[in-house]
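Note that this note's numbering has the sequence shown beginning at 2, numbered continuously upward.
Notes follow the structure.
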Amino acid sequence: MKHNFGRELENYEKTELRKSRPAGKYNQEEMQKEVVREYVQALEMMKPEIATKFCIEYLEGRGYSVIRIT
């Protein structure tokens with residue numbers, strides 16, 4: 002069974018934006034930068050092969066073509 006990391010990441014992003022958004026204090030760009038910082042922190046704690054798979058599935062879910070070189 003293929004795990005849908007992209008959908009999981011999108012749900013996390015929506016949840017984090019809702020939790021950390023004090024009514025109109027920040028613009029969308031600032032919020033996106035903060036969410037990306039949190040993703041990077043989470044990815045740094047993962048094993049490299051899991052973090053790579055997580056990123057690849059997210060990008061493919063967004064419509065990007067990922068070329069895997071092994």
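Idealized CB from N, CA, C, for every residue including glycine.
The model shown is predicted, which means the values in this text are computed figures rather than measured ones.
Annotation for K34: the continuous alpha helix (DSSP H) segment containing it runs Q29 to E45. For the set G64, T53, M32 and Y59, the Cα lying nearest the Cα of I70 is the one of T53. With 16 or more other CB atoms across the displayed protein chains lying within 10 angstroms of its CB, E58 is buried. In this chain, the alpha helix (DSSP H) harbouring K54 covers P49 to G62. Contact between M46 and F55 does not hold, since their C-beta atoms are separated by about 12 Å, which reaches or exceeds 8 Å.
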